[in-house]
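**Q**
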């Protein structure tokens with residue numbers, strides 16, 4: 060590994076897809092999670108961009124998004140470079156989206172794939188992990204920037220660690236959402252990490268592995284890019300070959316198949332803000348564990364989240380509850396039930 | 060007691076005062092409980108009027124209300140007779156309000172004082188009790204149409220029964236809001252009843268007893284009526300003497316002092332709809348105990364009340380909770396805490 064490679068910049072690839080129905084009613088189809096200021100004044104996308112803006116570490120970013128959200132991106136992230144925004148002709152999950160970006164980069168470029176709607180409290184830890192992951196990616200490892208678990212969460216995929224690598228660990232195998240017992244066992248054993256959906260790849264290596272395990276997808280993506288057209292900051296891959304792709308996540312299509320999977324475990328205060336309870340966990344709280352704006356009143360409440368786009372919220376005598384007021388929708392959910400919000404009629408019929 | 064008296068009509072006196080902050084935010088100062096359609100399509104006042112409209116039993120009603128609410132009354136209860144609406148020059152609690160109406164009636168008229176914001180499920184039982192109470196009132200008893208308790212409620216006043224009377228019971232004494240232990244003891248002993256604020260008096264006897272125990276108040280009311288003026292359906296007592304009255308409830312001013320207090324116990328499905336939980340108890344419920352309009356969705360909920368003036372309410376995983384959406388206010392309270400809603404900032408600052 061040359062020192063030139065070690066010092067080369069990392070190319071952020073920011074994925075802006077996803078519906079985010081579990082943060083309904085604040086998150087809606089036309090205005091999903093990446094584009095909302097859920098924590099602090101900036102939107103999740105703006106915070107993701109800011110994390111990847113350190114000029115000593117990162118090259119200018121590439122964003123991948125659906126056509127519906129391109130105007131939102133141009134509004135929230137002004138000053139993007141030419142062709143920095145790849146507009147997906149259709150929603151086909153993360154593997155094709157990542158491959159589109161890889162195909163537009165130099166094969167030797169190290170790309171760091173980042174969802175645009177995750178929260179990372181410790182940006183320094185993120186930068187350190189990204190640097191370590193880039194080092195492994197230079198050596199043609201496909202690297203998950205994996206999250207050090209702090210609880211036996213059953214909603215995430217786990218990664219079982221294998222042999223040590225310089226700056227990381229080889230992946231032994233991926234374990235999809237485990238049972239509570241299994242998750243507790245993982246934590247007790249140690250070394251396991253959550254697959255957080257943040258990856259470092261050498262662009263050429265990613266495409267090589269995709270071609271090995273999903274040759275049709277790889278070919279369709281390459282054709283779609285070859286026949287694409289430029290429009291200012293937007294790059295439009297050709298729609299016809301892309302639409303024919305059978306959608307699949309990068310995890311299923313590549314990471315769980317390759318024998319070059321590695322991980323860099325990172326304790327960086329990560330959350331995917333997957334539901335109102337996890338957003339609550341990422342927000343500050345008063346001594347009773349409540350979070351509420353100034354025009355709310357919580358009396359005899361513990362661990363209550365109250366978020367409104369206008370009306371005052373008054374809560375009396377409740378614990379472990381999230382109250383969300385947004386336009387013509389009012390949601391009241393227990394923290395335990397928060398992951399099921401996406402199944403509500405309001406969330407699904409929008 | 061002559062048969063003529065027995066057959067004479069009862070004069071309903073409907074009291075339309077009170078703030079009703081415990082049903083905030085639906086109930087507001089400008090639009091309090093009597094004027095809201097909380098149960099069914101008609102307002103509480105309209106239902107009270109309908110209960111007292113049986114022509115074989117009742118004479119035309121007299122209403123007593125503040126000037127602020129006179130237009131609401133004229134809108135909700137069209138067709139009132141001349142001077143049927145007595146406009147209180149100032150809010151001075153129920154004793155002066157009742158006395159105003161008594162002073163406008165024939166001294167031998169039997170008046171039935173009814174709050175305008177109570178719910179009575181069994182109207183036949185109400186009529187039967189009113190008839191019995193009127194019989195006692197003809198004999199110069201001051202009669203509480205008392206509620207047969209169905210639970211050891213601590214929020215109401217209790218009446219201890221004394222010796223039997225024809226059609227009722229002499230009042231031994233009034234017991235203000237008792238402790239839980241005491242309330243349970245009352246229920247176990249039997250015969251105790253709740254003081255529901257519905258009274259039958261011979262108008263002249265009520266004024267006589269008021270003059271005995273509150274001579275200043277009685278005199279001020281008589282002066283105020285003597286110097287009052289008529290304006291269509293409204294009668295305006297003179298403001299100056301009335302304003303000087305120290306406000307007091309009819310219970311304190313007369314009922315707890317007189318030795319002529321009697322009660323007619325009535326099991327008539329009564330509720331004072333004193334808070335959201337008691338409203339919920341008076342509303343129908345689905346098999347899970349929930350009550351929600353068609354544009355609400357309750358999932359894994361038990362005994363949840365969801366009431367909205369527009370926005371959809373979605374509730375997930377909660378039990379024994381009331382969710383109220385009204386204009387710029389959203390209230391979420393446990394059933395247990397519902398009596399304390401009036402102390403919320405929103406309820407008190409309106």
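Chains as they are written, first to last, in the numbering used here: chain A, 60 to 409; chain B, 60 to 409.
Backbone N, C-alpha and C define an ideal beta-carbon position, used for all residues, glycine too.
It should be emphasised that the depicted structure is a prediction, and the values quoted were computed from it without experimental measurement.
#1: Quick one, which residues of the segment 353-367 of chain A are near chain B if we go by CB-CB under 8 angstroms, in chain order?
#2: According to DSSP, is residue 353 of chain B part of a helix, a strand, or is it coil?
#3: Just by C-beta distance, which residues in the segment 370-395 of chain B are closer than 8 angstroms to chain A?
#4: Just to confirm my understanding: we take residue 65 of chain B, look at its own chain, exclude 5 residues before and 5 after, and list those with CB closer than 8 angstroms. What are they?
#5: Any beta-carbon of chain B closer than 9 angstroms to the one on residue 400 of chain A?
#6: Count Cβ pairs between the segment 395-403 of chain A and the segment 363-378 of chain B that sit closer than 8 angstroms; are there 3 or more?
#7: Would you mind sorting residue 61 of chain B into buried or exposed? The rule is 16 or more other CB atoms within 10 Å of its CB.
#8: Could you name the residues of the segment 213-243 of chain B whose beta carbon sits closer than 9 angstroms to any beta carbon of chain A, in the order they occur along the chain?
#9: Secondary structure at residue 409 of chain A, three-state DSSP: helix, strand or coil?
#10: Quick one: what's got a C-beta closer than 7 angstroms to residue 383 of chain A's C-beta in the same chain, skipping five residues either side?
#11: Note down, in chain order, every chain A residue with its Cβ under 9 angstroms from the Cβ of residue 405 of chain B.
#12: Tell me which same chain residues have a C-beta within less than 6 angstroms of the C-beta of residue 235 of chain B, skipping the five on either side of it?
#13: Check whether the Cβ atoms of residue 69 of chain B and residue 117 of chain B sit closer than 9 angstroms, and answer yes or no.
#14: Look up residue 391 of chain B in the DSSP assignment and say whether it is helix, strand or coil.
#15: With a threshold of 9 angstroms between beta-carbons, can residue 320 of chain B be considered close to chain A, or not?
#16: Rounded to the nearest angstrom, what separates residue 352 of chain A and residue 345 of chain A at their Cα positions?
#17: What are the start and end residues of the beta strand (DSSP E) that includes residue 217 of chain A?
#18: Are the C-beta atoms of residue 47 of chain B and some chain A residue less than 9 angstroms apart?
#19: Only counting runs of 4 or more residues, tell me where the alpha helix (DSSP H) segments fall wholly within the segment 264-288 of chain B, in order along the chain.
#20: Along the beta strand (DSSP E) that carries residue 321 of chain A, what are the first and last residues, could you check?
#21: Should residue 182 of chain B and residue 121 of chain B be called a contact, given that it needs their Cβ atoms to be closer than 9 angstroms?
#22: Using a Cβ-Cβ cut-off of 8 angstroms (strictly less than) and excluding sequence neighbours within five positions of residue 369 of chain A, which residues of its own chain qualify?
#23: Tell me, to the nearest whole angstrom, how far the beta carbon of residue 204 of chain B is from that of residue 188 of chain B; I am working on the premise that it is less than 8 angstroms.
#24: Beta-carbon within less than 6 angstroms of residue 293 of chain A's beta-carbon, same chain only, minus the 5 sequence neighbours each way: which residues are those?
#25: Does the pairing of the segment 306-322 of chain A with the segment 273-293 of chain A give three or more beta-carbon distances under 8 angstroms?
#26: For residue 203 of chain B, would you say it is in contact with chain D, using Cβ-to-Cβ distances shorter than 9 angstroms as the test?
#27: Residues in its own chain within less than 8 angstroms of residue 38 of chain A by CB, not counting five upstream and five downstream?
#28: Tell me, please, whether the CB atom of residue 155 of chain A is closer than 9 angstroms to any CB atom in chain B?
#29: Between the beta-carbon of residue 283 of chain B and the beta-carbon of residue 159 of chain B, is there less than 9 angstroms?
#30: Suppose contacts are defined by Cβ-Cβ distances below 9 angstroms. Is residue 172 of chain A in contact with residue 79 of chain A by that definition?
#31: Run the proximity test for residue 151 of chain B: is its beta-carbon closer than 8 angstroms to any non-hydrogen atom belonging to the ligand ADP?
#32: Smallest Cα separation from residue 287 of chain A: which of A:348, A:142, A:167, A:214?
#33: I need the DSSP call for residue 378 of chain B, collapsed to helix, strand or coil.
#34: State yes or no: is the beta carbon of residue 70 of chain B nearer than 9 angstroms to at least one beta carbon in chain A?
**A** Let me lay it out:
#1: Those residues of the segment 353-367 of chain A that come within reach of chain B (Cβ to Cβ, closer than 8 angstroms) are 356, 358, 359, 367.
#2: Coil at residue 353 of chain B, not helix or strand.
#3: Answer set for the segment 370-395 of chain B: 370, 371, 372, 373, 374, 375, 376, 377, 380, 382, 384, 386, 387, 388, 389, 390, 391, 392, 393, 395.
#4: For residue 65 of chain B, the predicted model reports a pLDDT of 48, less than 50, meaning its position is unreliable and no value from the coordinates is stated.
#5: Judged by the 9 angstroms Cβ criterion, residue 400 of chain A is in contact with chain B.
#6: The segment 363-378 of chain B and the segment 395-403 of chain A touch, with three or more beta-carbon pairs separated by less than 8 angstroms.
#7: Low confidence applies to residue 61 of chain B: its pLDDT is 42, below 50, so where it sits in the model is not reliable, and the reading given next is rough at best. Per the 10 Å Cβ criterion, exposed.
#8: Per Cβ criterion, the list is empty.
#9: Residue 409 of chain A falls in the coil class under three-state DSSP.
#10: Taken in chain order, the residues that qualify are 84, 85, 335, 366, 390.
#11: Here the neighbours are 356, 371, 373.
#12: Excluding residues within five positions, the ones whose Cβ falls inside 6 angstroms are 216.
#13: Yes, Cβ-Cβ distance for residue 69 of chain B and residue 117 of chain B is below 9 angstroms.
#14: Under the three-state reduction of DSSP, residue 391 of chain B is assigned to strand.
#15: At a cut-off of 9 angstroms between beta carbons, residue 320 of chain B makes no contact with chain A.
#16: For residue 352 of chain A and residue 345 of chain A, the gap between their C-alpha atoms comes out near 11 angstroms.
#17: Unbroken beta strand (DSSP E) run through residue 217 of chain A: 217-224.
#18: It is not possible to answer for residue 47 of chain B, since the shown part of chain B is limited to 60 through 409.
#19: Listed in chain order, the complete alpha helix (DSSP H) runs (minimum 4 residues) inside the segment 264-288 of chain B are 274-285.
#20: In this chain, the beta strand (DSSP E) harbouring residue 321 of chain A covers 320-322.
#21: Cβ atoms of residue 182 of chain B and residue 121 of chain B: not closer than 9 angstroms.
#22: Hits under 8 angstroms: 384.
#23: Contact check for residue 204 of chain B and residue 188 of chain B: beta-carbon distance about 5 angstroms, within the 8 angstroms limit, so the pair qualifies.
#24: Excluding sequence neighbours, residue 293 of chain A sits near 144, 146.
#25: Because the criterion of three Cβ pairs below 8 angstroms is met, the segment 306-322 of chain A and the segment 273-293 of chain A touch.
#26: You won't find chain D in this structure, because its protein chains are A and B.
#27: Absent from the structure is residue 38 of chain A, since the part of chain A shown begins at 60 and ends at 409.
#28: Taking Cβ atoms only, chain B never reaches closer than 9 angstroms to residue 155 of chain A, which makes this a no.
#29: Against a cut-off of 9 angstroms, the Cβ pair of residue 159 of chain B and residue 283 of chain B comes out as a contact.
#30: Residue 172 of chain A places its beta carbon 9 angstroms or farther from that of residue 79 of chain A.
#31: No copy of the ligand ADP occurs in the structure displayed, which carries no ligand at all.
#32: Residue 287 of chain A has its Cα closest to that of A:142, out of A:348, A:142, A:167, A:214.
#33: Residue state, collapsed to three classes: strand.
#34: Taking Cβ atoms only, chain A never reaches closer than 9 angstroms to residue 70 of chain B, which makes this a no.
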